[in-house]
Structures are given as structure tokens and as C-alpha cells.
Amino acid sequence: MINTLKDIWTVFSIEVRRVFGDRMVLLIFFLAPILYPFIFCYIYHNENVENMAVAVVDEAQCDESKRFIHKLDATPELSVAYRCNNMGEARQLMEDHYVRSIFYFPSDFSSRLAKMQTARVVVFSDMSSFYFYKAALTGGNAVLIDEMHTIELERYERAGLTDEEARIQMQPVVMENTTLFNPTGGYGSFFLPCLMMLVIHQTLFLGICILTGDARENRKSLHLIPPHLRRGSVHRVTMGRSLCYLLIYVPICILDLWFIPRWFNLPQLGNLYTILIFLLPFVLAVIFFGMTVGNLFVRQKISPMLCFVFFSLVLFFVTGMVWPQESMPRFWYHFSYLFPSTPGVQGFVKISSMGAPLSEVRAEYMALWFQAALYFVTATLVLSIQTFIRRRQNILTHNLRRVRQEGVAAIADSPLKFSRNRSSVDNNHK
Amino acid sequence: MKTSILRVLKRELRRIWRNPRYIIILTLGIVFTFVFFASMTKEGQPKRLSVAVVDMDGSYLSRRICHEINATQGVSVKAVYNNHSEARKAMQRGDIFAFYEIPQGTYNDLLQFRSPHFVLYVNSAYMLAGTLSYKQLATMGMLATGAVQREVYRKKGYKDDEIMGLIQPVEYDTRTIGNPWINYGNYLMTTLIPAVIAFIVLMHSAYVISRERQERTLKNWLRRAGGNTLYALIGKMLPYNIWYIFLCLLANLIMFGFMGFPLEGSWLLMVLNSILLVFAAQCAGCFIAGSIPDPPLAMGVSAIYSAMSFSLSGFSFPVESMPTFFYSFSWLYPIRHYFLNFSDIAIFGNGFGHCWPRFCALLAFGLLLLMGAFMMQWQQNREERLSVQSSKSDAL
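Protein chains in written order, with this note's numbering: chain A, 1 to 430; chain B, 1 to 396.
Given below as C-alpha cells:
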């Protein structure tokens, strides 16, 4: 037991020195997870598209169309920047990107209204970004509903109905909308909590891969395995290293997931205690996942940057925050649970943005613990297999060299003994 | 000049031949991303979103509303709850994205002309699912109100075509330019795939240069180019340039050709756009790796710089609505210019007259290549000077 703790402490202290002695790792571990949340919070501070420039083409020139246009201009989403005489002009403005949307009132607008037929307004929308479309739709719909009520009310008044009667005729059922958890429907409130989790996931993962690659490249004795460790106790290395990353990432997590959302007024209903309890398996799962991938694939210090960073985009999409999990093809749904980011982001958003207690995110929480356990085993297993192969190779090459130099007798008292395989090594070369 | 570039090119091809690992991995990465987005957004919009109904009335009417919601294309009623808190908990678990609450006594209120209130709760922490289920349910609600009104008018003796004009005096006829089906695949892939390619091109350019420094083969490389860093960079980048341009064009061909995404303008401009995107991304990579002599630091800086390219391309949240600083900052990203050109060419069918400023901007990234070459030359000269000094001091 004491030996185990001693080994963990040794590995831990070596790892801390390596983290703080490496500029690239410092950049990834400290600069990125502190800088990005600030930058992105600032970028998405405006939440929604406001006062988007639109053009109107009013061929009807009647009271109703003028009132409609005034109301469009009064919405927070839209601002009537140009009033054009014909569609050609408006089209030109849209092609030159001066306006993102056109509201066209055909000449029969007023006559259709007078004849009690449905009058039509044609809306053209630039689809290069869906946010232009959304702004046109939100602003436009609010005006449409309001205008419909005004017209109907006028008609009922003319027909001699009182206010209350008219209201009931118009609206036999009143529809109320309540937007929960993201009241403005803003992009920032939706995107930033996912982004913070992904930033933590990706920086931690990359940093670990880089450190592994660094150890490989510089041939620092078998990824920091103290020489006296045998195959059965490789888990001490995994534990020592993970302790180091865990201690570094706890304050970063608190900053990114607790303080920054407060400073930038993002929706935050969860409490710190729940968040921390939830984050523990998340950080552990990411650490062990990073160590597994690092031990398996990474051979160079700088290659993880090249091969893994662009994958963040795919990770973001499989979390199910954009494309709902149940609408995903089944394959991608199962694929997404290979990564701790999926249950991590889902659970964190539920706790932080929707105020769910830990019991409501039980599925994600269990998934994270399961991942943490699984990746701990794989990380240790991969390392111990690699250690075994490497040690065997070392002994083989060492003995071969000595046999060449001094003859067969030299290895009989070889200082490098590998208890189980010694006889086989000897047999091979006799 | 030609011979020195050719010499470097030959050397680079040999290096790729000897170790093709990364170019294969990255090509597979691009293919993977493409297949991923194509299969994910195959349906155009997420279908069968889970919603619920809180039925406190339990009448004929409320049950009919459930059926009608279920019959709506985009949503399906996953559960019917008896009270608000159950539904809210289901929403917190992420089981449902929206729910209708039908209060007690709705049917009676309706019969007695006391307008009952329906409340629609939407979870907009999930952007797309929330917005879509809101849209579907709100439309459904409007139709339901309309149906009640229609019954009233019918009993008063109006004809059906008159009733439509009475119930809905004004309506919108929406034309979505460039994406008539409001297809998310079309919207996401046309910008995201080139963005991923640009990202990988930049990182790979930075990587191959940094790798030369790490393996201490920089001198050898520069000697092949006759000591001219610009020729060295051009020769080295050429094979990657051709390969990634090929991939980018192939991706565009599949998207606009086989998958049928609309391309209003000319193919030629789109080809030019893709070529210039790859070129600009390479130049930016060369500049970063050329001017930062520490390989890991160079890779870190390029990753931190280019990880923001997806946001600052402005295709998801418009750059115009970001703070002014980032509006200007986005010009430093080739993908931003590519995206603006794309919207001109593919959506509005505009010609060269609209696109040329952005083509010039992408070409201007070539200056970064020159600067990168200059920085490398300067570092080399300094190193030589230092080594001469140290050998002199040794001699003394």
C-alpha cells in the first residue's frame, strides 16, 4: 500500500514538472481553456440578430400596407432600411448584401383585403445564414399576428360587435408561448455551455496526447515507468498521471463552468456542488480516454494537434445539442458514446441551463463513470502490453549486443533480468 | 529558380513516399467528416421530435388535439402527462423538447364562449430541436384556433372560400433563396466541409515545416532550394496544394453535382474559390510555422488561431451581429472570404464583378507566404552569424 502511494507520488511529481516545463502544454492546458471562453462569450454577447436590414416593395400603397411596414420597422429584429419602387431594385440590394430580406406587397393587397379574401405578402430571405431567415421569420410573424388581429377587430367593429365579443370571435382559444431555459432564444446561451465543456474536453485530451507523444519521442524510459515497477503495477503510472491532470483541471473547470457563465449572464440554474460532483467522472473519463488514445496512437509530440483538433466539430455535432439524439442515425448515436463529451455536454447543459438535479441526469452520470472505468482499464492495459514488448525488445537487443561482443557466456550473469522470459531469451541465443 | 523548386519538390515527394502516414490520416479525416455530415443531415431536418401534452382537461377536445399533434409531420407525442411538474421533469431529462398544457375546463370554456388559454412550453436550450418543435406546435395551434373559428362561421352561413379570408386576412408566402427546402445538409455542408479542409491544410502546412525543424533537416531542405527560402516553401507546399485542391473540388463536385445542392452561379468561379481557399490557408500556415522557430509553439499557435475559423466564417451566427472588433478580425480567416464568395456565387448567382474583392483578399494571403519566407531567411542569417561569431571566439 505504502509502496503504491509512493509510486503514485513519484509519477505525479514527475508529471507536474513535465507539464510546467513544456511551453506547448502550458499553452494548451492554461491559455486555451481560459482564453477561449472569454473570447467566445464576447463574440456571442449579442445573442440574436438585431435590426437586420430589410427592403420593402410596396406596390399596394394603401393604409394597411403602410401600417404593416411601420410595425415591421418597430420590431427589434428588423429595420426597414430601404423602400423600393419595384422588385428589380430590391433584388439588386439583396444581391449586393445591403439587405437580408425583402417584404413584397403586391398591388392587389388592398383590394383582396377589401373583398375579405386572404391578402398575400411575399417574403424573400437570404439563406446563407439561417439566422437571417430566423430574424425575418420571428419579426415578420409577430407583425403578421398583430396585423391580423387589428384587421379582424376593425371588421367586427364595423359589423357592430363590441370589443369583448369581437375578441372571443377572433380568438376562441388563446395561445400562450413560454420559452424555458433560454428566454431570449439566443445563440450564445445555447452554444456557450456546450462550447465550454468541449473546450475542456479537447484541451485536456490534446494536452495528454502531447505529453505522451513527447515521452515517446524523447524515449523517456517507457512513458515514465519507474524502473522498479513490474508489469502488474502499471496502474500506478496511470493513477499518478491522472492525479496531476485532475488537480490542474479542477480550478479551470470551476472558472469556465461556474464563474464565466455568471460574469456573462448565461443561464445558470444548477448549483456548484452538483456541477462539481458531475464533473468528477467527466474529467476522469477524459483523462483516461486521452491516455488510451495517446498510448495507442501517438508517436510524436506535435502530431496530435494535426490529427485531433478538427475532430472537435464532429464531437460538437454528435453531442445531440444541435441535431437531437433521437433523430440521429443509430450508428452515430452509438458512436457518440465513445467520447466523454457526449454525456458530459448533455449532462452539464441539463444541470446548468435547465436546473436539473443529479437524479435527473443519472443516465449521463452513470455513462461517465462507466467510461472512466473502461478507459482506465484500457489505458493501463495498453501501457502494460507496450511495456512488456519494449522491455523484452530491450533485453533482446542488449543481450544480442553482448553476445556479439563477448560470446555466449556473457549473458549468463546479465544484469538485466526479465524473470519470466529469461530462459526463452537464453534459449534463443545459445 | 525552376530547378531549385523542382529539387525541393522531388525531395518532398520522396519524404511523403517514405512516410505517407499523415497525408493518409488527414485525407481519411476529411472523407470521414464528409460522410458524417452527409449521413447525419440526410433527412434535411430532424424528424419526429419528441413532444408531450399535459392534459388536465381529459375531454374529447383535448384528446383530439393530441391526435392532431401526432399527425403533424415533424413531431410525435411521446407522452401525455397529468400535471405540469411531470412534464417539466421530462423536459429537464431531455426526453421532450416542448409540451402543450391544456388546462382544466377547456372544453366547457369553449362551449360557453370564455376563451380558454393553451400554454406552449418550449425548451430552447436545444436550439434546433426547440425552434423546430415550436414552429410545428405553434402552426398546429393556429390551425386549431382556425378550425374552431371556421365552425362558428359555417354555422352563421358563410361559404368556405369566404371563411378563409375572414380567418386569415393576411398570409406570408415565403421564398427561401438558395435553399428552397430549408435543408440543413445543404446549409451546413457547403461551408463546413471547405472549412474543415482549410483547417487541415493550414495545420498540415505548419506541421511539415515544423517537422523539418524538429528532425534538424532544415539546412538540408534549404540547401536543395539553393538557400532561397521562398523557393523552398513553394516546392514543399506544391504536392499538398495539388492534393488538397483536388479534395476540395471533389467535395464540391459531390455536393453541388451529385447531392443536388443548388449552385446558381458559374462552376468556374466556385473552382477558383476553392483553389484560392487552399492557397490562402497554406500561406497562413507557412507564415506561422515559418516565423515561429519553436515547432510545438508554432503548432499550438496555428491550432488556437484556426480553431476559431468555424465561428468567424459567419455562416452559423452572422459576423455582422458580433462586436465590431471580431467583424474586422474575421477578415484574417480565408474561410470567411470563401463563405462570402460562396453566398454570392451559389445563392445569388452573382458573377465575377461581385466576387473580385474577395478573390483579391484571398490572393493577398500570398503576402503571408512572402513574409514567412522572409522570416525564415532572417532566422537562418542570424544563426549563421551567431555560428561564425562563436567559431571566431573559439579560435581566439
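Virtual Cβ for every residue (Gly too), placed ideally from N, Cα, C.
Closer than 7 Å: residue i CB and nearest the ligand ATP heavy atom
i	result
residue 90 of chain A	The model depicted lacks the ligand ATP and carries no ligand whatsoever.
Beta-carbon spacing of residue i, residue j below 8 Å
i	j	result
residue 77 of chain B	residue 53 of chain B	yes
residue 253 of chain B	residue 338 of chain B	no
residue 351 of chain A	residue 275 of chain A	yes
residue 234 of chain A	residue 374 of chain A	no
residue 312 of chain A	residue 202 of chain A	yes
residue 22 of chain A	residue 236 of chain A	no
residue 148 of chain A	residue 136 of chain B	no
residue 355 of chain B	residue 344 of chain B	yes
residue 187 of chain A	residue 48 of chain A	yes
residue 173 of chain A	residue 144 of chain B	yes
residue 247 of chain B	residue 197 of chain B	yes
residue 29 of chain A	residue 19 of chain A	yes
residue 295 of chain B	residue 302 of chain A	yes
residue 172 of chain B	residue 306 of chain A	no
residue 231 of chain B	residue 1 of chain B	yes
residue 344 of chain A	residue 259 of chain A	no
residue 188 of chain B	residue 41 of chain B	yes
residue 170 of chain A	residue 162 of chain B	no
residue 313 of chain B	residue 288 of chain B	no
residue 314 of chain A	residue 36 of chain B	yes
residue 266 of chain A	residue 193 of chain A	yes
residue 136 of chain A	residue 125 of chain A	yes
residue 353 of chain B	residue 264 of chain B	no
residue 165 of chain B	residue 118 of chain A	yes
residue 61 of chain B	residue 106 of chain B	yes
Rounded C-alpha distance that separates residue i from residue j
i	j	result
residue 77 of chain A	residue 42 of chain A	20 Å
residue 351 of chain B	residue 190 of chain B	19 Å
residue 248 of chain A	residue 241 of chain A	11 Å
residue 131 of chain A	residue 157 of chain A	39 Å
residue 270 of chain A	residue 353 of chain A	7 Å
residue 349 of chain A	residue 289 of chain A	21 Å
residue 245 of chain A	residue 298 of chain A	18 Å
residue 324 of chain A	residue 174 of chain B	26 Å
residue 262 of chain B	residue 63 of chain B	42 Å
residue 192 of chain B	residue 184 of chain B	12 Å
residue 371 of chain B	residue 302 of chain B	16 Å
residue 144 of chain A	residue 46 of chain B	27 Å
residue 65 of chain A	residue 122 of chain A	12 Å
residue 32 of chain A	residue 304 of chain B	7 Å
residue 285 of chain A	residue 27 of chain A	22 Å
Residue i classed as buried or exposed, judged by whether at least 16 other C-beta atoms fall within 10 angstroms
i	result
residue 209 of chain A	buried
residue 366 of chain A	exposed
residue 114 of chain A	exposed
residue 134 of chain A	buried
residue 386 of chain B	exposed
residue 431 of chain A	An answer regarding residue 431 of chain A cannot be provided, because it is not within the stretch 1 to 430 covered by chain A.
residue 223 of chain B	exposed
residue 120 of chain B	buried
residue 75 of chain A	buried
residue 274 of chain B	buried
residue 382 of chain B	exposed
Chain C contact for residue i (CB, 8 Å cutoff)
i	result
residue 307 of chain A	Absent here is chain C; the protein component of the structure consists of chains A and B.
Where residue i sits in the DSSP three-state scheme
i	result
residue 171 of chain B	strand
residue 176 of chain A	strand
residue 205 of chain B	helix
residue 111 of chain A	helix
residue 479 of chain B	This structure gives no information on residue 479 of chain B, because the portion of chain B shown stretches from 1 to 396.
residue 58 of chain A	strand
residue 356 of chain A	coil
residue 296 of chain A	helix
residue 53 of chain A	strand
residue 72 of chain B	coil
residue 192 of chain B	helix
| request: Taking only runs that begin and end inside the stretch 91-152 of chain B, name each unbroken beta strand (DSSP E) of 3 or more residues, in chain order. | output: 98-102, 117-123
| message | Extract the residue ranges of the alpha helix (DSSP H) inside the stretch 180-254 of chain A, only unbroken runs of 4 or more that lie entirely within it. | response | 187-217, 221-224, 235-254
| request: Could you tell me which uninterrupted alpha helix (DSSP H) segments, each at least 4 residues in length, are contained entirely in the stretch 5-54 of chain B, listed from first to last along the chain? | output: 21-40
| field | 4-residue-minimum alpha helix (DSSP H) runs that sit fully inside the stretch 81-167 of chain A, ordered along the chain | value | 87-95, 109-114, 130-158
| field | Length-filtered (3 minimum) beta strand (DSSP E) runs lying within the stretch 360-392 of chain A | value | none
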